[in-house]
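J.:
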Amino acid sequence: LAKEVWDLCEQFGFDCRRFRESYVGSCWDGQYLHLSVVKHIAEMLGVHDRWEKRFLEIWDGGHALEIAVKDVLFDQKMVKDTIDTISSFVVYMGMGKTYEGLVDASGNKEFYQPRQMKEMKFVSHALSSLNNFALELSTYLIALEK
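Heads up: the sequence shown is residues 875 to 1020, going by this note's numbering.
#1: Skipping 5 residues on each side, what residues in its chain have a beta carbon closer than 6 Å to that of phenylalanine 893?
#2: Given a cut-off of 8 Å, decide if glycine 899 and phenylalanine 948 are closer than it, judged by their beta-carbon atoms.
#3: Is it the case that the Cβ atoms of methionine 991 and isoleucine 941 are separated by a distance below 8 Å?
#4: Tell me the DSSP bridge mates of leucine 930?
#5: Please classify leucine 976 as buried or exposed, where buried requires at least 16 other C-beta atoms within 10 Å of its C-beta.
#6: Note the first and the last residue of the continuous alpha helix (DSSP H) segment covering phenylalanine 948.
#7: So, is arginine 989 buried or exposed, given that buried needs 16 or more other C-beta atoms within 10 angstroms?
#8: Does DSSP put glutamine 990 in a helix, in a strand, or in coil?
#9: Hey, would you say tyrosine 986 sits closer than 8 Å to glutamate 1019, going by beta carbons?
#10: Quick check on serine 1012: buried or exposed, where buried means 16 or more other Cβ atoms within 10 Å of its Cβ?
#11: Whole angstroms are fine: how far does the CA of phenylalanine 1007 sit from the CA of isoleucine 960?
#12: Smallest Cα separation from isoleucine 1016: which of Glu984, Ser980 and Arg891?
#13: Is the beta carbon of glutamate 895 closer than 8 Å to that of valine 912?
#14: Determine whether the beta carbon atoms of tryptophan 933 and leucine 909 lie at a separation below 8 Å.
#15: Using beta-carbon positions only, say whether tyrosine 897 and methionine 967 come within less than 8 Å of one another.
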């Protein structure tokens, strides 16, 4: 992950010297913190002996809030059961002959693709998936009737 961050900075024209002079810290999600990405960046910059004092590293508050919202949503049995049922349904509707029937039922108009909801995705993905499901429910029902 540190290499990916490094490569991205190089794409924006930060060479090692300039990056060393400019970098003061980062805001990360938990994976970057737990993997000590800043420590590895400091090693790449040649300042690994003093990185904890030199660089600020914080957990992104928005990401922490997103995790909290997901925990609340997926802790409730009814919400989880609904998401599991819709996810299974859209997987079924997105496969082979069933999907072909869905395309036919749409009358060849553009339609919202069936999207499975997964716990590892952000809440915005789940809401978007639910919205797609609601918008195309009549198309799904027509496809199932055929």
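Cβ coordinates follow ideal geometry from the N, Cα and C atoms, glycine included. It should be emphasised that the depicted structure is a prediction, and the values quoted were computed from it without experimental measurement.
T.: In short:
#1: Taken in chain order, the residues that qualify are Cys883.
#2: For the pair phenylalanine 948 and glycine 899, the CB atoms are not nearer than the 8 Å cut-off.
#3: Cβ distance not < 8 Å, so methionine 991 and isoleucine 941 don't count as in contact.
#4: Note: leucine 930 is bridge-paired with Gly899 in the DSSP secondary-structure output.
#5: That one is buried.
#6: Following the DSSP letters along the chain, one finds phenylalanine 948 inside the alpha helix (DSSP H) bounded by residues 935-949.
#7: That one is buried.
#8: In the structure shown, glutamine 990 sits in coil (DSSP, three-state: anything other than H, G, I, E or B).
#9: Cβ distance not < 8 Å, so tyrosine 986 and glutamate 1019 don't count as in contact.
#10: Residue burial annotation: serine 1012 is exposed, with fewer than 16 other C-beta atoms found within 10 angstroms of its C-beta.
#11: Just so you know, the alpha carbons of isoleucine 960 and phenylalanine 1007 end up roughly 8 Å apart.
#12: Out of Glu984, Ser980 and Arg891, Ser980 has the C-alpha closest to the C-alpha of isoleucine 1016.
#13: Going by C-beta atoms, valine 912 is not nearer than 8 Å to glutamate 895.
#14: At the C-beta level, tryptophan 933 and leucine 909 stay beyond 8 Å of one another.
#15: Their beta carbons are not under 8 Å apart, which means tyrosine 897 does not touch methionine 967 by this criterion.
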